[in-house]
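For what it's worth, my numbering labels the leading residue of the sequence shown as 47, then goes sequentially. Just so you know, even glycine gets a beta-carbon here, dropped at the ideal spot from N, CA and C. Keep in mind the model is a prediction, meaning the values are calculated, not measured.
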Amino acid sequence: MHRSIATVSLSGTLRQKLEAVADAGFDGIELFEADFINFNGTAAELGRIAGDLGLSIDLYQPFRDFEGMPEAQFRRSLERAERKFDLMQAMGAPTMLCCSNTSPLAVNDPALAAAQLHELAERAARRNLRVGFEALAWGRHTWLYGQAWEIVKQANHPNLGLILDSFHTLSLKDDPAGIAAIPGDKIFFLQMADAPLLSMDVIQWARHHRSFPGQGDFDVIGFFEQALRAGYTGPLSLEIFNDIFRETPNRRTAVDAMRSLLYLESEARQRLAEQPAAAQQVTLFDPPPVPSLSGLSFIEFAADEASAATLATLVKQLGFRRIGRHRSKAVTLYRQGDINLIVNAQPDSFARQRFEAHGTSVCALGVRCDDPLAAVGRATAMRSQRHDSPVGPNELRVPAIVAPGGNLIHFVPGMLGANGLYENDFVLEDEGAGGNDAGLQRIDHVALGLALDQLDTWVLFTRAVLGLEPGESLELADPFGLIRSRGVANADRSLRLVLNVSLSQRTRTARTLSVTGGGAVHHIALSCADIFETAARLRANGTRFVPISDNYYDDLATRIDIDPALLSRMREAGVLFDRSLAGDYLHIYTESFEGGLFFEVAQRVAGYDAYGALNAPARLASQAQG
Ligand code: MG
Ligand code: MG
């Protein structure tokens with residue numbers, strides 16, 4: 047498809063926006079009028095700049111408050127349109143967007159609106175231009191695409207068509223199914239936007255909180271599917287008004303934007319492929335399939351010699367034992383249950399670069415998957431970068447990609463047994479458990495602390511590249527501000543990540559981010575079968591946990607009908623508790639070490655599917671008082 051984006055979706059000057067959009071591989075733009083009004087150059091010059099970058103100017107937008115007006119206003123608007131047509135011809139923009147009227151002067155008369163739009167289209171036709179009519183969700187008399195389509199039909203002019211915008215339809219919970227019945231060639235343009243589900247005024251929602259497809263909660267794939275069923279073959283475009291995108295570096299936004307369209311196309315393609323009757327008139331992006339992932343194989347820490355020794359003490363207190371050391375590098379492997387921790391203190395390595403930039407921190411995750419090369423193929427098709435580490439003789443090459451923020455994700459072949467990945471690269475000399483094993487079994491989840499402008503990026507990255515689905519978005523109270531938290535997981539829940547962003551500069555998450563530069567692992571949750579037994583063994587090993595206020599347990603008993611014996615065990619051990627309809631969650635947090643990183647020990651009971659987020663304030667308050 048011809049892929050386009052509205053200039054309002056990005057930060058920067060108009061020229062910077064065009065350069066970022068061209069670099070990300072777009073074919074064209076929608077020119078947002080304010081961007082042109084403030085552009086230091088003529089329409090012809092803008093057309094040349096776009097052309098030199100290989101971009102077409104697909105749409106000039108918006109033209110407002112036109113249809114259904116009293117005669118005097120209508121005549122003036124026609125003159126205004128002629129001046130815009132002059133510009134469009136000079137820059138080479140073929141189509142103008144006219145959005146439904148919001149003026150209090152507008153009359154509720156579809157026949158008049160149709161007649162006036164016919165006249166506008168006639169003027170456009172004289173110059174070989176076209177006009178598309180879009181229903182704004184807050185239009186005075188026209189707010190549904192169905193109403194706009196009735197007016198376009200009635201106007202009956204070849205140079206007048208319909209413009210569809212997923213936001214306006216989906217924000218009003220209007221049914222997009224009727225789109226499939228509209229002749230495809232009468233749909234002149236398609237604007238896609240996603241958004242989080244919010245209860246707020248639709249204008250504020252539209253102007254501040256739209257997001258790229260795959261970042262929000264709307265069924266944008268279903269919407270796009272209806273336009274394809276209609277036989278639409280025009281540009282696929284993004285029109286995103288978002289406060290954060292307006293200040294995010296535009297090159298990052300442009301990559302997210304392209305990823306979102308590729309994701310949208312590939313998902314819609316799959317849905318249409320399931321119904322062979324739906325003839326496909328355009329070529330939709332067809333990347334390698336989402337990999338089948340089965341949990342985390344390892345977590346790798348970036349360290350130097352000194353912090354590697356500190357980490358060694360810490361992980362031994364957590365019940366890990368040293369399994370081996372790398373054949374050629376200063377890299378040590380620790381294990382407990384199915385959990386592998388790698389401490390990488392090799393100078394001149396990727397890990398050392400991360401250590402120098404971010405201190406002792408997680409620098410890579412190893413994800414088990416059925417077909418690592420296909421997984422990397424999927425990731426690069428979705429615009430992630432591949433990473434190749436130098437490989438020594440007889441060492442296994444594990445393909446990797448760069449995640450947003452710069453850490454690596456390795457794809458580890460799932461068929462390798464416990465030592466399969468390591469026996470080539472490591473001299474395995476298991477030092478034995480030595481009675482320290484605490485019963486930790488596997489990695490339950492990894493929580494990331496993200497800069498505010500990276501949450502949407504991560505939701506889309508994990509969805510499009512890893513096939514994870516986001517859960518509910520929660521807001522949690524830190525003593526110094528709010529944290530937003532969202533879990534993403536694969537279908538069988540063997541891989542879970544929690545994305546946390548601080549909405550304030552003053553929270554613990556924000557302060558951790560300023561140390562680590564963002565995109566950092568903020569805690570690692572390890573699962574066990576009996577949290578009281580495991581916590582006792584960990585304490586005996588010397589692990590220290592965050593103390594929990596007595597008031598927490600008094601309150602817990604008032605909220606949840608809980609066995610008093612269990613409550614007193616939890617109080618004694620400092621274990622936190624959450625209950626959902628599906629099951630219970632018992633968990634406890636260690637004190638943090640260098641860089642603010644800490645561990646969580648968790649026991650899931652029955653089908654509990656969340657992360658104990660309601661208890662995060664207890665931890666945050668405790669850490670603040672500690
Ligand atoms: Mg729009
Ligand atoms: Mg957690």
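Check	Outcome
Alpha-carbon spacing of residue 636 relative to residue 291, whole angstroms	36 angstroms
Status (buried if at least 16 other CB within 10 Å, exposed otherwise) for residue 225	buried
Enclosing alpha helix (DSSP H) for residue 649 [first to last residue]	Premise fails: residue 649 lies in the beta strand (DSSP E), 644-652, not in any alpha helix (DSSP H).
For residue 503 and residue 302, believed in contact at Cβ under 8 angstroms, the rounded distance	5 angstroms
Cβ-based neighbour list, residue 646, same chain, cut-off 6 angstroms, excluding 5 preceding and 5 following	569, 571, 633, 635
Secondary structure, alpha helix (DSSP H): runs of 4+ residues fully inside the region 243-300	248-254, 266-276
Buried or exposed by the 16-neighbour rule on C-beta atoms within 10 Å, applied to residue 151	exposed
Contact check, residue 413 vs residue 457, beta carbons under 8 angstroms	yes
Validate contact between the region 349-358 and the region 436-443 using beta carbons, cut 8 angstroms, 3 pairs	no
Near ligand 2: residue 621 beta-carbon under 7 angstroms from a heavy atom	no
The region 323-342 touching the region 534-545, judged by at least three CB pairs closer than 8 angstroms	yes
Limits of the unbroken beta strand (DSSP E) element including residue 631	629-635
Contact test: residue 285 Cβ vs ligand 1 heavy atom, cutoff 7 angstroms	yes
For residue 522, the first and last residue of its enclosing beta strand (DSSP E)	515-524
Check: residue 408 C-beta below 7 angstroms from any heavy atom of ligand 2	no
Nearest-angstrom Cβ-Cβ length linking residue 138 and residue 103, presumed shorter than 8 angstroms	6 angstroms
Under 8 angstroms between C-beta atoms of residue 135 and residue 173	yes
Identified DSSP bridge partners for residue 59	Beta-bridge pairing links residue 59 to no other residue.
Distance between beta carbons of residue 663 and residue 522, contact taken as under 8 angstroms	6 angstroms
Closest Cα partner of residue 516 within the set 533, 526, 203	533
Sufficient close CB pairs (3 or more, under 8 angstroms) joining the region 494-514 to the region 370-386	no
Residue from 575, 256, 553 whose Cα sits closest to the Cα of residue 484	575
Close beta carbons around residue 422, own chain, < 8 angstroms, minus the five adjacent residues each side	432, 445, 446, 447, 457
Segment contact, 8 angstroms Cβ cut-off, at least three pairs: the region 388-397 with the region 572-591	no
Option nearest residue 120 by Cα separation, candidates 82, 71, 228, 161	161
Cβ-heavy atom distance, residue 250 to ligand 1, below 7 angstroms	no
Rounded separation between residue 313 and residue 49 - CA only	16 angstroms
Burial state of residue 114 (16 or more Cβ within 10 Å)	buried
Burial state of residue 590, where buried means 16 or more other Cβ atoms lie within 10 Å	exposed
Secondary structure of residue 453, DSSP reduced to three states	coil
Residue of 531, 566, 359 minimising C-alpha distance to residue 549	531
Buried/exposed call for residue 473, threshold 16 Cβ in 10 Å	exposed
Candidates 410, 141, 168, of which the one nearest residue 124 by Cα	168
Supposed contact pair residue 306 and residue 259 - C-beta distance, whole angstroms, cut 8 angstroms	5 angstroms
The region 231-250 touching the region 201-211, judged by at least three CB pairs closer than 8 angstroms	yes
Residue interval of the alpha helix (DSSP H) (run including residue 663)	662-671
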